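Just remember that this note's numbering sits 403 ahead of the position in the sequence shown, which is counted from 1. In what follows, a single structure is set out as structure tokens and then discussed.
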Amino acid sequence: MERPLSKGQKKRFKAKRRKERLTRLIDSPSDLSIVQINVKAAPDRIQSLKNWIHNCDKRVDILCLQDLPSNIRGIQFPDHVLAFGPNNPELLETQGEEQAKTKKRNALKIKSPYQEKEMLHAVAYLIHRSIPIADWDVEFHDDVNFGLAATLLLRISDDQTIAIHNVHNQLKKVKIPDLLQKVTATGQDFLVGDFNLHHTVWGGDKVKIIEPQAVELANGLKQARMDLLTTRGFPTYSRGQCIAGEYNSTIDLTYASSAIVPFVRKWEPPDVPGFDSDHRVIMTTLDLEIDRVPSTYYLWKLADPNKFRACVDGSLKPLGFPALTTPAMTDNYARKVVQAFSPAIERLVPLAPPPGSKRPKARPSLVTKRAENLLKLAAERERNSGISTESQQHYKFKRFAQSVIRKERSASFHRMLSQDIAKRRRLYFWARRGATWNKKALMPIRQLKADNVTHHGTSEEQQVPRDRPPDDSDRVALVVSQDLDKSEVRSLIAGAPSGKAAGPDLLAYEGVHGHAAKARQDDYEQPKSWRPVALLPCMGKLLEKIVTHRLKQLAVDHNLLPDVQFGTPGKCTTKALQYLLNNVYYAWTCKIRRLATVMGLDITGAYDRVERVKLMKILQEAGLPEWMLNFIWSFLTDRSTDMKLPGFTSSSFWVNMGIPQGSPLSPLLFLFFSMPIVGAASEYTNSKVRIYPFAYVDDTYLLAVSDDYEDNCNALKECHDRIMVWADSVGVSFSPHKYHVMHFRPPRHRADAFKHMPKIPGLEGKKPEGSMRILGVEVDHRLNWREHVAKVGAKVNDKMNDIGRICNTTAGPDMLALRQLYITTVRPIISHGCGAWFIYGNKKVKWQISKEVANYLVTIQNQCLKIVTGALAGTAGRTLPKEAYVEDILVFLERVATVQRARVLDTPDHERLRRIRRRGKKPAEFDHHPYHALDHAATSLLERANESCRDSKVCNISPSMVRKAMTKIAKQDSEKMSCKIWNRYCEERDPRHWHRSAAVMDKAGWGPHNLRRYRGLSRAQSTILIQCRTEFIALNSHLYWMRRSDTSLCDCEAADETVFHMFIQCELLATARRELYTVLGHQDFYRMLSEKPEIAAD
404 MERPLSKGQK
414 KRFKAKRRKE
424 RLTRLIDSPS
434 DLSIVQINVK
444 AAPDRIQSLK
454 NWIHNCDKRV
464 DILCLQDLPS
474 NIRGIQFPDH
484 VLAFGPNNPE
494 LLETQGEEQA
504 KTKKRNALKI
514 KSPYQEKEML
524 HAVAYLIHRS
534 IPIADWDVEF
544 HDDVNFGLAA
554 TLLLRISDDQ
564 TIAIHNVHNQ
574 LKKVKIPDLL
584 QKVTATGQDF
594 LVGDFNLHHT
604 VWGGDKVKII
614 EPQAVELANG
624 LKQARMDLLT
634 TRGFPTYSRG
644 QCIAGEYNST
654 IDLTYASSAI
664 VPFVRKWEPP
674 DVPGFDSDHR
684 VIMTTLDLEI
694 DRVPSTYYLW
704 KLADPNKFRA
714 CVDGSLKPLG
724 FPALTTPAMT
734 DNYARKVVQA
744 FSPAIERLVP
754 LAPPPGSKRP
764 KARPSLVTKR
774 AENLLKLAAE
784 RERNSGISTE
794 SQQHYKFKRF
804 AQSVIRKERS
814 ASFHRMLSQD
824 IAKRRRLYFW
834 ARRGATWNKK
844 ALMPIRQLKA
854 DNVTHHGTSE
864 EQQVPRDRPP
874 DDSDRVALVV
884 SQDLDKSEVR
894 SLIAGAPSGK
904 AAGPDLLAYE
914 GVHGHAAKAR
924 QDDYEQPKSW
934 RPVALLPCMG
944 KLLEKIVTHR
954 LKQLAVDHNL
964 LPDVQFGTPG
974 KCTTKALQYL
984 LNNVYYAWTC
994 KIRRLATVMG
1004 LDITGAYDRV
1014 ERVKLMKILQ
1024 EAGLPEWMLN
1034 FIWSFLTDRS
1044 TDMKLPGFTS
1054 SSFWVNMGIP
1064 QGSPLSPLLF
1074 LFFSMPIVGA
1084 ASEYTNSKVR
1094 IYPFAYVDDT
1104 YLLAVSDDYE
1114 DNCNALKECH
1124 DRIMVWADSV
1134 GVSFSPHKYH
1144 VMHFRPPRHR
1154 ADAFKHMPKI
1164 PGLEGKKPEG
1174 SMRILGVEVD
1184 HRLNWREHVA
1194 KVGAKVNDKM
1204 NDIGRICNTT
1214 AGPDMLALRQ
1224 LYITTVRPII
1234 SHGCGAWFIY
1244 GNKKVKWQIS
1254 KEVANYLVTI
1264 QNQCLKIVTG
1274 ALAGTAGRTL
1284 PKEAYVEDIL
1294 VFLERVATVQ
1304 RARVLDTPDH
1314 ERLRRIRRRG
1324 KKPAEFDHHP
1334 YHALDHAATS
1344 LLERANESCR
1354 DSKVCNISPS
1364 MVRKAMTKIA
1374 KQDSEKMSCK
1384 IWNRYCEERD
1394 PRHWHRSAAV
1404 MDKAGWGPHN
1414 LRRYRGLSRA
1424 QSTILIQCRT
1434 EFIALNSHLY
1444 WMRRSDTSLC
1454 DCEAADETVF
1464 HMFIQCELLA
1474 TARRELYTVL
1484 GHQDFYRMLS
1494 EKPEIAAD
């Protein structure tokens, strides 16, 4: 008798079987399977097709789709690449004016981008990810059959390429002669599609009416020696719900050239749930072997760190620590160190399955199994009866079973997601995954186009760089330590981010360029529609971080960079915006209001335009030590790279120009190189106009202030000319057509809007902007911040839509997890740069944000909190922040802005701003400037923080201690203000309501205790609890108020159907109420929803 397996043995045996099944699925037969289907522009049919692909044991290589839904680019296909036709206005029906006028305008509406309609072709392909993108290409017919036909060229081998043609004869608009010319051209043609034509050749003897087009098609294909693979007379389309019904025909055809017919193994209509009516799914299997993409992605998280470390130690010990006296010896030693990791990686780090590999299917739940059995029974009865109408019982059973399966699948996914988040703490992983589900599909790039020129390749010759400029023997170099201790290296390694892509040798010794697509671009064949992402050597990056840290410290200690050059340590975007707005507000607070004009410059290919020799000369003059100059010169020269886009990979080429992107050292080097830009602008003098230049890395702005806009334009033109002199001397080019100019208009300014522009070549015909995007903040010409808050609302909409993909009101992460996501990923979008633009609070402060803007900010947060908590629309705005313990957005912004201002009070930058706004004014006039008035609260916060640190009796009070104390005190003040706001709301609430909600009657009021009642509750429980506590719930009382119910009374007809009535009064629930009272031990309604909410929620 065999001994029973232990728990550990069962677990290992189960894992082994799972691995074997995964191997069988990956090593599927080498056949090429092609599926064709008309999806009737129905997203539900697409979802049914996805489910069948997922459950099918056989790999589906190519799907030829016809009659696509308009949002197909937003539908996720995990194992396939969508090849679709380009957008074209001719392919989408225009919306009538009457229909457009009925659209509602909401302040903030969470809408998914995958719901947007697009003007796409009627045919598309889904190509399996295991097929190399370089081995296939899609050509959409651009002749008279535009939008109705396409050809997929698939490379089988060096000697064979087949053409898979996809046709949709929509409304019989396809021109057959032109179609025949293309689909029979190669001699290796495979033709599929919905031809919507009837002929006895494919329809059989039952065909009564033969269209002229059908005769034309049949004769043309016969002359081209193409054979029909479709079974003659087999019904591929039925008008009713049953494929064997009276109204069926053969209109979905499959043809193959005589050269391909010998490779045809099988033609079959598989049984696909959801395709019982209309068009059938048809699969053709070809006995052709194609190349597959191998796996190159290593799963580092699955490697045993102890075994890996021991293996690497064994490889590194023989290398030792030799004396490295020459650069060649150093390079050779570094190469050996990198190579020492290879054995450990190959042996201990597992490879991920190849792209598109099928994963083992999850075991269906008992509910799903029963629904599937019911679905099979209903389908069998439907086949036996030959009738399927809505009145038939088996039709109702089928619809019910399909609904159950769909809901159970969604519930199963959300259960898995919530468990994964709870056990493995992968909240942000799933949030990022949800964001990818909202990205639209992109067509693979075959070639790059720019200025009507197509780019195919690059030069293979290495451009030998010139020697480094000679060092001046008389210059005095600054002293920077070259010493490196273990603690610094250890901290750098510990702080290195995980999950970053490596280069081809696993540790990315050579640079490889990947590219990320920019959002909302019209043409992705344009190089500027992609953002380069440099994947540099990991070990090289660590060394570059060390040098970057030393160079930053050197620049700060010796003031090597201009004061108006932001982007360095301690000079963030908020400070740059404060510098701009400080000068604008100063111009507006003068006795005679002055006028300000800002112009944003644009450098063409900023990093690539850097002249390395000139940069080295600037660094020499700045006093950098010789060893640092040698490192930077080596960093800048002798670089090669590859360029990779979806479907396009360039050969390796040399890039001996500019500053490499992707390195932490690059932005700092560009700051040194661009110093003369702000320097030339700062040296400009004019008796009428004052120029305030500032820059943030490669973004440069010029602010002109005078008594007249025309003087500003003239001064900006003269200042720009001075910058161009420097640019011509170093080979830097600007793009004036991308410049933005805006005239700030003071409040109650009576003059007409000034339309003139600086007379700079490239600005002809352009008009001043009403608002400008400056460092992520939308600055409008009146500084009322309406445009900025509207843009913030759009960003928050996109972010919350991403979060909404992983949850709904009854499933997904719990409320506390979603609250954490909102606080850490959404709220920072609202608060970006608020230290500069958020002016609010004291009524004496000028130019505060309007009540309209403040209310819109509150609306934005309330909309987010409704998704976070699961509350219904219309829930009181003050209740949600209290229940979720999220401070009012205005209180939060004021706290963040005050802390930002307090942290810079003692800095030279703030002193410079204070001198500017006090220039020519009396002390009594200082507070006319909003920043000066707001500094009072910041000064008070700083003094309280210093006093708190002194009370702690710490010997050495460091700046970090003061900053922590400021943050703590500001949070305490915010807590008091939030409590005050909530108490005032409860007092001012309409007393006519005889019954108040549990949220309002909560005696504990505002505080962190509100989160405790939701801790441990599932998503469904927390949703029902928040709706019960706010009284906004789908009961008759609330539905009647929304005009969704004919009566507000309960079924017992004794009173209105409210939460209080259901828990305390309703006679129909008397038995359940007694059981609830027994468990709780009391009959207090408000305690039910506060002390043991999990019982009430159930």
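Just so you know, even glycine gets a beta-carbon here, dropped at the ideal spot from N, CA and C. Here the structure is a predicted model, which is why all the values come from computation and not from measurement.
In the structure shown, the three-state DSSP call for Trp703 is helix. Around the beta carbon of Leu754, fewer than 16 other beta carbons lie within 10 angstroms, which makes this residue exposed.
Residue pairing from DSSP leaves Phe1075 without any beta-bridge partner. Comparing alpha-carbon positions, the option among Ala444, Thr1481, Ser1109 and Ala1341 lying closest to Ala1373 turns out to be Ala1341. Contact between Arg1015 and Ser1109 fails: their C-beta atoms lie close to 39 Å from each other, not under 8 Å. Straight-line measurement puts the Cα of Ser1234 at about 37 Å from the Cα of Asp1124. By the Cβ neighbour-count rule, Tyr1112 is buried, with 16 or more other Cβ atoms within 10 Å of its own. Its Cα nearest to that of Ile1242, the residue Pro1333 stands out among Phe1463, Pro1333, Glu671 and Val959. By the Cβ criterion, the stretch 1005-1020 is in contact with the stretch 1135-1153, since at least three pairs of Cβ atoms, one from each stretch, lie closer than 8 Å. In the DSSP assignment, Ala1098 forms a beta bridge with Gln968 and Thr1103.
In this chain, the alpha helix (DSSP H) harbouring Ala1423 covers Arg1422 to Thr1433. Nearest neighbour of Trp703 by Cα position, chosen from Val696, Pro697 and Arg712, turns out to be Arg712. Taking C-beta separations shorter than 7 Å and ignoring five residues to either side along the sequence, the partners of Val604 in its chain run Ala621 and Leu631, following chain order. Between the stretch 526-534 and the stretch 461-471, the count of C-beta pairs closer than 8 Å reaches three or more; the two stretches touch. Counting along the chain, the unbroken beta strand (DSSP E) around Ala566 starts and ends at Gln563 to His571. If you compare the alpha carbons of Ile1232, Met1078 and Ile1427 with that of Ile1126, the shortest gap goes to Met1078. Taking each of Val675, Ile534 and Val610 in turn and checking the Cα distance to Ile654, the smallest one comes out for Val610.
Annotation note: the stretch 599-675 contains the following uninterrupted beta strand (DSSP E) runs of length 3 or greater, listed N- to C-terminal: 629-631, 655-660 and 667-671.
In the pairwise beta carbon analysis, the stretch 1216-1227 is classified as not touching the stretch 1241-1260: fewer than three pairs are separated by under 8 Å. Less than 9 Å divides the Cβ of Leu523 from the Cβ of Leu471. According to DSSP, residue pairing for Met1002 in a beta bridge involves Leu1105 and Val1144.
For Phe724, the number of other beta carbons within 10 angstroms of its own is below 16, and it is reported as exposed.
CA-to-CA, the gap between Asp1501 and Leu691 works out to about 58 Å. Residue pairing from DSSP places Trp539 in a beta bridge opposite Leu557. Look at Glu1181 here: in three-state DSSP terms it is strand. Ala1305 sits buried, since 16 or more C-beta atoms from the chains shown fall within 10 Å of its C-beta. Scanning its chain for C-beta atoms nearer than 7 Å, with the 5 sequence neighbours on each side dropped, one finds around Leu887 the residues Ile949, in chain order. Going by beta carbons, Pro665 and Met686 fall outside the 9 Å limit. In this structure Met1002 is buried. Its beta-carbon is surrounded by 16 or more other beta-carbon atoms within 10 angstroms. Excluding sequence positions up to five before and after Asn548, its CB lies within less than 7 Å of the CB of Val577, Lys578, Asp581 and Leu582, all in the same chain and listed in chain order. Rounded to whole angstroms, the separation of the alpha carbons of Leu954 and Val883 is 9 Å.
At the C-beta level, Arg812 and Asn1200 stay beyond 9 Å of one another. A direct Cα-Cα distance of roughly 54 Å separates Ser815 from Asn735.
Collapsing the DSSP output to three states places Met522 in coil.
In the structure shown, Thr1213 falls within a coil segment according to DSSP collapsed to helix, strand and coil. Arg1422 counts as buried, since at least 16 other C-beta atoms from the protein chains shown sit within 10 angstroms of its C-beta.
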